[in-house]
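Reading through the structure tokens given below for one structure.
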């Protein structure tokens, strides 16, 4: 007792007399450590944020420093959050031995976290969020045995998570978001029994979730978003009843969600399983989690109905179940009327059917987003939708809604995004302009009739307007051309608008895309377009613009795409166009003449189209234009009208010659028919049929005999009387432009080719029907099993049949064999031009035959993929989704174009998805959809019937990888990257291709090869 009293008095005396002691030395240690901390900070770059750290005040009074009351002058907290500090973290921080809290978030620290931090055994709280620390966690951090909170999110940290971290037995919060973890999450994390918050957002983890995480029985927050986690969620995680926030979004997880999840997680507030590969049904038990506020189940593979009991969740704030395969009517919406806090409803891209219930008017008044697009909804939109006064986003595009857009929609004063495109709406509300907050108005691809409402001029916040592909008429209102706010897109294309293009268009100074193509607009192109200084895309094609190309376009220095084709423009091509930054230019089918420039975009013949104008000369060599005369004065030029007259006369002479030749040909044909009447052999002679024969064979071309309808023709099943032969009769619709050309091309293409995988022509009929109308038809062998398209997408209704894997493989080999023959085995190369499943016919033994050569191109043996009688810029026709991309910019038809179509067909055969599926929008297409899944996730994209047939055996996985790799290679965007038909080779296990079918040209017996 006496000894202790002496020590206390002695210490007090030293302090009073300012005599150094062990305490004084400790205090000096803290001060020096803080000065070292300051020295590692760039004072100027940090705007002298630590200027208060000087000797004029005690360091315990420095900004951000907290000292202990119990241990005099010992620093226990360093809190400098959001001070703009730039520099590194000094190792001397390890000398602050009494430090309990380090908070340095929201600064610009860089460099490693010093190892010396592991000496701070009293440390309880570390927060270094939102800096630029790099390297890994200090290995000796586990010595900080009192640590309760470790928050290091949003830095540049990387490497392994030390296993020793699992020894921090008092840790309650562990947040390592954006830590680029090498390897896996250490199972030792499961030892942190007091852990309440665990977050590894964006850590690039490529493994499964450790089973040990399920031992963390106190967790309330679990965040594993944005990684590459695979496998299934450990079942034990669903038993942590304390969980409130459970997020595994943006991973590769799979499996079903337990049906009793709502009972096992009674305290859950947020379930975020967005963008994974979960399957099965959405559990009905979610309604048992009475506090549930947010459900993110979008971008998975859920099936079945949407639970009707969601309406029991009174706190429900957000429902996102978009991009699934949910099949249901929309009666679930009625149950949601009880969710008075519902703010976001996102159910687009599913298989929802039916019409919207009138109860939609009773949804939460606080609803801000309603996104129900890309489903199969129909009927009219209830007028009660106007009661949802807080809506800011209404997206109902890509459905089958019809009728008028309700007038009540004009009551939605807060509406910013209105997307109703790709429906069947017929009328716009005249009061649409009341939506003054509107930012996006997308109503394209409907059946909207009438004029454009003048009130749209009131929507001063519009940045995108799309009224394209409707039946709008009248002139373009001056009012909507005064919307100078539009910075993105203004699209009125494909309507029936008339009048001139108002000069006010020049006021759209921020506009990036302007499209009024395919209307009936006349007059000159306004010079005021020069005011659209931000314009990048300008489409004026398919109108009746006249006069010269205006000089005002010279000012559009950012223009990348210009299409003025199919108008009545005259004069020279302005040389300034070559000075613009154009990537695509189409001037075709106008009345331009003179020299074609050679600078800028004109240097690349594939980037421009100038067809349909024979008075052009010069240009680069690839355009194959005649050279311009060295000197051409106005006096010795033929006038344009004179040239037109000459061309008309020449056309009349040529057509008369052709008519005479056709008459002589038909006369000779009649003579030959009489001479050959004694030779009716079907096997070696062309079958002779008349209009009357075909009329009788098809029962008067009755609808009951109709088996298909194409672009230019209808196909009927018939039985010819003379030989009782079952045939398919393709009757041309000659009222359609191009049908006659299609008929001639098909006859020419098929007259010399013979191959077992090409549809055999039995006859052709060119005659007059009983009403005096011209009649043309082609008679084929009848294919008993219809089209490949029918087998892939219509499931042979009533027969419950589907294509086995081996059948798909055989059919694809048949098609490849046919194309190889057309490209390499004929005297002249033949380009099919329209390869797609509906043009692949299957006979009674399921052998495939390629048909429909109405778009075929014949190339002489001496040429190099250039079709005879076809310029390199001629219009290319085909089917959207299957036509090669280069055809869309005017490239010539080629064999590699057929290869592209084959690649898409191959992908469609084995995925079951059309290239025009609603799933494929923006930058996603069938090619990328499959390419992104190769090779590890290939079974996720193949047709479900293939998965069921083989139960995911490893060998079928290898086979699908081989086949789909070929499909991807054939459908490459660039022609030079595609395979040739002769190199197509499937590398499947032997069980998939028996030896007797290894040769695609070998004759095959009828079979349905079963794979066990």
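Residue numbers (this note's numbering): 17 to 1028.
In this text, a Cβ means the ideal position worked out from N, Cα and C, and glycines have one as well.
For residue i, which residues does DSSP report across the bridge?
i: residue 487; result: 465
i: residue 172; result: 150
i: residue 188; result: Note: residue 188 sits in no beta bridge, so no partner.
i: residue 797; result: 743
i: residue 577; result: 553 and 600
i: residue 224; result: 246
i: residue 784; result: 790
i: residue 335; result: 311 and 361
i: residue 261; result: 237 and 286
i: residue 562; result: 540 and 584
i: residue 531; result: 507 and 555
Rank the options by C-alpha distance to the C-alpha of residue i and give the top, closest one.
i: residue 736; options: 720, 711, 232 and 173; result: 711
i: residue 446; options: 467, 463 and 503; result: 467
i: residue 90; options: 807, 441 and 113; result: 113
i: residue 818; options: 52, 965 and 609; result: 965
i: residue 1057; options: 871, 346 and 828; result: No information on residue 1057 is available, as it lies outside the stretch 17 to 1028 that the chain covers here.
i: residue 979; options: 563, 178, 914 and 832; result: 832
i: residue 873; options: 895, 865 and 846; result: 846
i: residue 234; options: 201, 281 and 837; result: 281
i: residue 275; options: 379, 302 and 410; result: 302
i: residue 612; options: 745, 639, 821 and 213; result: 639
i: residue 790; options: 336, 756 and 476; result: 756
i: residue 135; options: 231, 895, 156 and 146; result: 156
i: residue 992; options: 333, 900, 221 and 963; result: 900
i: residue 163; options: 182, 171 and 175; result: 182
i: residue 593; options: 583, 715, 584 and 619; result: 619
i: residue 249; options: 257, 266, 273 and 241; result: 273
i: residue 488; options: 267, 636, 68 and 510; result: 510
i: residue 211; options: 228, 219, 199 and 222; result: 228
i: residue 360; options: 385, 375 and 456; result: 385
i: residue 860; options: 933, 926, 742 and 809; result: 742
i: residue 556; options: 538, 626 and 309; result: 538
i: residue 435; options: 60, 387 and 476; result: 387
i: residue 416; options: 406, 425 and 462; result: 462
i: residue 729; options: 762, 713 and 715; result: 762
i: residue 786; options: 820, 716, 807 and 441; result: 716
Would you please state the rounded distance, in angstroms, between the beta carbons of residue i and residue j? I believe it to be under 8 Å.
i: residue 318; j: residue 296; result: 7 Å
i: residue 299; j: residue 278; result: 6 Å
i: residue 470; j: residue 502; result: Residue 470 to residue 502, Cβ: 17 Å. No contact.
i: residue 449; j: residue 484; result: Not quite, the Cβ-Cβ distance comes to about 19 Å (not below 8 Å), so this is no contact.
i: residue 16; j: residue 100; result: Summary: the structure shown does not reach residue 16, with the chain confined to residues 17 through 1028, and so no result is reported for it.
i: residue 395; j: residue 411; result: About 17 Å; that fails the 8 Å criterion.
i: residue 458; j: residue 528; result: The Cβ separation is near 15 Å, so there is no contact.
i: residue 329; j: residue 355; result: 6 Å
i: residue 120; j: residue 139; result: Not confirmed; about 13 Å, so no contact.
i: residue 402; j: residue 376; result: Residue 402 to residue 376, Cβ: 10 Å. No contact.
Tell me, please, whether the CB atom of residue i is closer than 8 Å to any CB atom in chain D?
i: residue 249; result: The displayed structure is made up of one protein chain only, and chain D is not part of it.
Original post:
Are three or more beta carbon pairs between the segment 835-847 and the segment 938-946 nearer than 8 Å?
Top reply: Three or more beta-carbon pairs separated by less than 8 Å are not found between the segment 835-847 and the segment 938-946, which leaves the two stretches without contact.
Original post:
So, do the segment 565-584 and the segment 543-552 have three or more beta carbon pairs nearer to each other than 8 Å?
Top reply: Under the three-pair Cβ rule at 8 Å, the segment 565-584 counts as touching the segment 543-552.
**OP:** Evaluate the contact criterion for the segment 737-756 versus the segment 706-725: three or more CB pairs, one atom per stretch, below 8 Å.
**Re:** In short, these stretches touch, since the Cβ pair count reaches three.
Original post:
Looking at C-beta atoms only, is the number of pairs between the segment 247-254 and the segment 199-210 that lie closer than 8 Å three or more?
Top reply: Not touching, per the Cβ criterion.
Subject >> Residue ranges of each beta strand (DSSP E) within the segment 828-881, 3 or longer >> reply: Complete beta strand (DSSP E) runs here, min 3: 845-847, 856-858, 864-866 and 873-875.
Subject >> the segment 985-993 in contact with the segment 911-928 per 3-pair CB rule at 8 Å >> reply: Yes, the segment 985-993 is in contact with the segment 911-928.
**OP:** Please confirm if the segment 103-110 is in contact with the segment 118-134, defined as three or more CB-CB distances below 8 Å between the two stretches.
**Re:** Touching, yes.
**OP:** Could you name each continuous alpha helix (DSSP H) segment of 4 residues or more that falls completely within the segment 265-326, going from the start of the chain to the end?
**Re:** Listed in chain order, the alpha helix (DSSP H) elements of length 4 or more contained wholly in the segment 265-326 are 277-280.
**OP:** Only counting runs of 3 or more residues, tell me where the beta strand (DSSP E) segments fall wholly within the segment 71-118, in order along the chain.
**Re:** Listed in chain order, they are 81-83, 91-95 and 102-104.
Original post:
What are the uninterrupted segments assigned as alpha helix (DSSP H) that are 4 or more residues long and contained completely in the segment 902-961, given in chain order?
Top reply: If we require 4 residues or more, the alpha helix (DSSP H) runs fully inside the segment 902-961 come out as 911-927 and 942-947.
Original post:
Considering only residues of the segment 339-418, which uninterrupted alpha helix (DSSP H) runs meet the minimum length of 4 residues and lie entirely inside it, listed in chain order?
Top reply: Fully enclosed alpha helix (DSSP H) runs of 4 or longer: 348-351.
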